[in-house]
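> Please see the structure below; I have some questions.
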């Protein structure tokens with residue numbers, strides 16, 4: 001049964017409490033839990049980080065809302081702490097990175113499949129193919145640094161092959177801007193999608209900017225710097241899909257609805273009972289936040305929340321593999337580029353296009369993503385298994401001589 005956002009009130013803000021032991025729990029297992037448990041934790045950490053970022057910015061812009069923002073923001077900080085601390089300490093930075101890119105592929109694929117606006121759906125497919133290539137580049141780096149098979153982390157849900165090459169993803173800033181939805185006519189799902197993917201990409205950008213300098217391997221340091229730049233482009237791209245005509249309260253209310261939607265989606269797909277209980281709890285907490293803001297919206301803007309919010313939540317975001325969809329998009333749209341706010345085939349960009357000039361300058365001393373993946377093709381067990389197989393063949397040949 002679909003969740004009724006107006007009927008279900010959740011846990012009131014004043015009854016939302018935490019302790020340190022409550023927030024710092026036993027983490028998931030990087031090997032034994034399903035790979036999508038990792039992606040859900042990464043996503044919800046990013047969603048909560050975005051909620052905090054948004055509320056701090058709004059507090060700088062509106063004196064009247066400051067106390068209300070502070071009350072809800074503190075609860076969401078503690079929610080983020082609990083979610084983030086589910087990350088296991090034996091999960092290496094590069095392994096978490098693989099989870100980030102798997103999340104970006106599979107969640108964006110689900111969003112693209114269900115997005116009602118064709119232009120917005122095209123935008124999600126466009127970005128998805130770039131994150132698909134990032135997974136391939138980081139998989140090559142994982143092999144280089146650890147000699148490990150990335151499918152130990154992704155559990156074979158997601159193909160590890162090149163997408164739109166990272167080296168050609170670098171665009172002039174004006175070619176990353178997109179046409180926003182119209183807040184008066186857009187489907188509410190379009191608004192939830194745009195906020196979700198923007199939050200996810202923002203978290204990815206911030207993570208790469210934080211961990212990239214911690215590597216000693218020079219190729220790793222450069223690769224994180226390069227892909228962090230693309231993630232900034234993605235934040236620009238997805239963030240520009242949102243209508244700047246929405247009021248602060250309208251955006252806040254939509255964000256709380258988006259948080260409910262994402263926790264609800266996590267709850268629908270979670271296989272770990274211990275973590276599923278957390279998603280249920282935070283569905284209830286976010287419903288409490290949503291109704292708190294709905295009252296502000298009615299009292300301060302004198303508007304009905306039903307003008308903005310859907311009555312019931314849409315179908316949950318699908319935490320599952322989208323292999324066939326991704327392969328289809330890859331075969332049909334890998335050569336797509338952006339020219340301003342429009343999508344065109346790469347053959348339509350003139351030789352003096354601003355993006356081509358921007359790429360040439362950035363890549364003039366080489367491309368870390370090309371270096372990291374030079375000669376790399378994913379194979380089960382990495383190249384060590386191939387060497388062992390070749391050695392076995394040699395020994396068998398000698399035995400037969």
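Numbering (full-length UniProt numbering), first residue to last: 1 to 401. Glycine included, each C-beta is placed from N, C-alpha and C at the ideal position. Computed from a predicted structure; not experimentally measured.
1) Output the residue ranges of the beta strand (DSSP E) runs that lie fully inside the segment 29 to 113 and measure 3 residues or longer, sorted by chain position.
2) Exposed or buried, which one is residue 302 when buried takes at least 16 other CB atoms within 10 Å?
3) With distances taken between CB atoms, is the gap from residue 107 to residue 214 smaller than 8 Å?
4) Got a sec, what are the start and stop residues for the beta strand (DSSP E) residue 258 sits in?
5) Grab me the residues of residue 265's own chain with a C-beta within less than 6 Å of its C-beta, minus the 5 sequence neighbours each way, in chain order.
6) Which partner residues of residue 312 appear in the DSSP bridge assignment?
7) By DSSP's criteria, residue 338 is part of a beta bridge. Which residues make up the other side?
8) Could you pull the start and end residues of the alpha helix (DSSP H) that residue 278 belongs to?
9) Quick check on residue 31: buried or exposed, where buried means 16 or more other Cβ atoms within 10 Å of its Cβ?
10) Does DSSP put residue 196 in a helix, a strand or coil?
11) Out of 247, 313, 122, which has the shortest C-alpha to C-alpha gap to residue 5?
12) Please state if the CB of residue 305 and the CB of residue 149 are separated by a distance shorter than 8 Å.
13) Excluding the five sequence neighbours on either side, which residues of its own chain have a C-beta within less than 7 Å of the C-beta of residue 241, listed in chain order?
14) Using 10 angstroms around the beta-carbon of residue 372, count the other beta-carbons present and answer buried if the total reaches 16, otherwise exposed.
15) If you check the beta carbons only, do residue 236 and residue 176 fall under 8 Å apart?
16) Have a look at 229, 192, 189, 188 and flag the residue whose alpha-carbon is nearest the alpha-carbon of residue 202.
17) Based on Cα-Cα distance, which residue from 95, 323, 243, 216 lies nearest to residue 191?
18) Apply the 10 Å Cβ neighbour rule to residue 160 and answer buried if 16 or more other Cβ atoms are within range, or exposed otherwise.
19) I need the DSSP call for residue 376, collapsed to helix, strand or coil.
20) On the three-state DSSP scale, how would you describe residue 173?
21) Shorter than 7 Å, the distance from the beta carbon of residue 288 to the closest heavy atom of the ligand ADP, or not?
22) Taking residue 296 and residue 279 to be in contact with their CB atoms under 8 Å, please state how far apart those CB atoms are, rounded to whole angstroms.
23) Consult DSSP for residue 233 and reduce its assignment to one of helix, strand or coil.
24) Please classify residue 275 as buried or exposed, where buried requires at least 16 neighbouring CB atoms within 10 angstroms.
25) Would you report the Cα separation of residue 79 and residue 354, rounded to the nearest angstrom?
From the atom records:
1) For secondary structure counted as the beta strand (DSSP E) over 3 or more consecutive residues, the segment 29 to 113 holds no complete run.
2) Result: exposed.
3) Judged by beta-carbon spacing, residue 214 lies beyond the 8 Å limit of residue 107, meaning their Cβ atoms are not closer than that value.
4) Counting along the chain, residue 258 falls outside any beta strand (DSSP E), though it belongs to the alpha helix (DSSP H) covering 248 to 269.
5) Beyond the five residues adjoining it in sequence on each side, residue 265 comes within less than 6 Å, by CB distance, of 316, 317 in the same chain, given in chain order.
6) Answer is 4.
7) Its beta-bridge partners are 343.
8) Boundaries of the alpha helix (DSSP H) harbouring residue 278: 273 to 301, taken from the DSSP string.
9) The residue in question, residue 31, is exposed, as its Cβ has fewer than 16 Cβ neighbours within 10 Å.
10) Collapsing the DSSP output to three states places residue 196 in a helix.
11) Considering only alpha carbons, the answer is 313.
12) No.
13) Taken in chain order, the residues that qualify are 120, 123, 178, 180, 181, 194.
14) Around the beta carbon of residue 372, 16 or more other beta carbons sit within 10 angstroms, so the residue counts as buried.
15) The answer is yes: Cβ separation under 8 Å.
16) Among 229, 192, 189, 188, the Cα nearest to that of residue 202 belongs to 229.
17) Scanning 95, 323, 243, 216 for the CA closest to the CA of residue 191 turns up 243.
18) Buried: at least 16 other Cβ atoms inside 10 Å.
19) Coil.
20) Note: residue 173 maps to helix in three-state DSSP.
21) Annotation note on the ligand ADP: not contained in the displayed structure, which lists no ligands.
22) That belief does not hold up - the Cβ atoms of residue 296 and residue 279 are roughly 26 Å apart, past 8 Å.
23) The answer is helix: DSSP assigns residue 233 an H, G or I state.
24) Taking all protein chains in view, the Cβ of residue 275 is crowded by 16 or more other Cβ atoms within 10 Å, so the residue is classified as buried.
25) Using only the alpha carbons, I get a separation of about 43 Å.
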